[in-house]
Amino acid sequence: MDKVLDSPARAVEDVPDGATLAVGGFGLCGIPSTLIGALVAAGTTGLRVVSNNCGVDDWGLGLLLRAGRIARMTSSYVGENKEFARQYLSGELEVELTPQGTLAERLRAGGAGIPAFFTPAGVGTQVEEGGLPWRYAPGGGAVALASPPKEVRKFGGRRYLLEEAITADFALVRAEVADRHGNCVFHAAARNFNPLCAAAGRITVVEADRIVEAGELPPDSVHLPGVYVDRVVAADPADRRIERRTVSTSRQEA
Numbered sequence: 548m549d550k551v552l553d554s555p556a557r558a559v560e561d562v563p564d565g566a567t568l569a570v571g572g573f574g575l576c577g578i579p580s581t582l583i584g585a586l587v588a589a590g591t592t593g594l595r596v597v598s599n600n601c602g603v604d605d606w607g608l609g610l611l612l613r614a615g616r617i618a619r620m621t622s623s624y625v626g627e628n629k630e631f632a633r634q635y636l637s638g639e640l641e642v643e644l645t646p647q648g649t650l651a652e653r654l655r656a657g658g659a660g661i662p663a664f665f666t667p668a669g670v671g672t673q674v675e676e677g678g679l680p681w682r683y684a685p686g687g688g689a690v691a692l693a694s695p696p697k698e699v700r701k702f703g704g705r706r707y708l709l710e711e712a713i714t715a716d717f718a719l720v721r722a723e724v725a726d727r728h729g730n731c732v733f734h735a736a737a738r739n740f741n742p743l744c745a746a747a748g749r750i751t752v753v754e755a756d757r758i759v760e761a762g763e764l765p766p767d768s769v770h771l772p773g774v775y776v777d778r779v780v781a782a783d784p785a786d787r788r789i790e791r792r793t794v795s796t797s798r799q800e801a
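In terms of the working numbering, the sequence shown opens at residue 548 and continues consecutively.
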């Protein structure tokens with residue numbers, strides 16, 4: 548089955564307002580920036596997004612956030628986005644912070660059809676006890692919605708928390724190479740959350756730097772089988788940013 552579409556706009560045209568999205572990437576590494584841009588242009592709003600973080604103020608998911616299109620974020624890290632902090636503290640944005648490994652496993656479990664699992668992460672903290680502010684009242688200050696306490700069980704004398712799996716209406720993923728059947732290869736660390744999000748999405752859309760014919764990818768090189776992918780589009784090669792540039796200063800020898 549040829550899953551390649553002719554434009555990013557067509558690939559996301561049926562994403563409705565209020566949809567749940569699982570979005571791959573880590574920082575700005577491996578983010579589906581072309582598809583995010585298509586959603587910005589489409590005007591889709593009220594989105595409930597699951598992603599490791601929310602981009603930066605002027606790129607990635609930060610573009611949807613700045614436009615007021617995101618209603619809820621489930622993330623493990625949000626420290627590079629000032630607009631995120633402003634919306635959260637003013638009561639405009641609902642936020643569920645989740646330990647990074649737990650977030651990865653919740654997505655993996657969702658893709659595997661496992662409804663929940665026990666983990667030691669968060670035992671003895673507010674993750675277990677509840678009370679973490681998910682949403683502040685308008686204007687900030689008072690907590691309008693707090694996290695609930697989690698079920699605890701002991702295994703081998705150690706306490707574990709019950710965490711529920713995550714599934715999403717749509718998954719947006721960035722790959723280095725995809726074939727027309729949706730089989731994908733990721734480049735190095737850009738693999739990050741992408742395969743997990745792809746498996747957790749009911750409809751998975753992949754943007755790829757390069758699209759090849761079916762059969763061109765050696766089976767052993769495939770990181771994400773096409774069975775998880777519904778649509779493939781070409782990524783904009785200009786959609787690449789460095790989140791934080793570090794330059795070393797060489798010392799001149801005396």
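Ideal placement from N, C-alpha and C gives every residue a C-beta, glycine not left out. Note that this is a predicted model, so its numbers are computed, not measured.
Query                                                                                                    : Result
Residue environment, residue 751, which counts as buried when at least 16 other CB atoms sit within 10 Å : buried
Check: residue 640 C-beta below 7 Å from any heavy atom of the ligand HEM                                : Among the components of this structure there are no ligands whatsoever, and the ligand HEM is therefore not found.
Cα-Cα separation, residue 666 to residue 796                                                             : 44 Å
Unbroken stretches of the alpha helix (DSSP H), 4 residues or longer, contained in the stretch 707-792   : 741-747
Cα-Cα separation, residue 642 to residue 721                                                             : 24 Å
Cβ of residue 654 within 8 Å of any chain B Cβ                                                           : Absent here is chain B; the protein component of the structure consists of one chain.
Residue 696 - partner residues in DSSP beta bridges                                                      : Bridge partners of residue 696: none, in fact.
Best match in 584, 598, 609, 669 for proximity to residue 714 [C-alpha to C-alpha]                       : 598
Segments of 4+ residues assigned as alpha helix (DSSP H) that fall wholly inside the stretch 569-602     : 580-589
C-alpha gap between residue 756 and residue 731, whole angstroms                                         : 11 Å
Contact set for residue 555: own chain, Cβ-Cβ below 6 Å, skip 5 residues either direction                : 581, 582, 585, 780
Cβ-Cβ separation, residue 675 to residue 708 (assumed contact under 8 Å), whole Å                        : 6 Å
As assigned by DSSP and simplified to three states, the class of residue 666                             : strand
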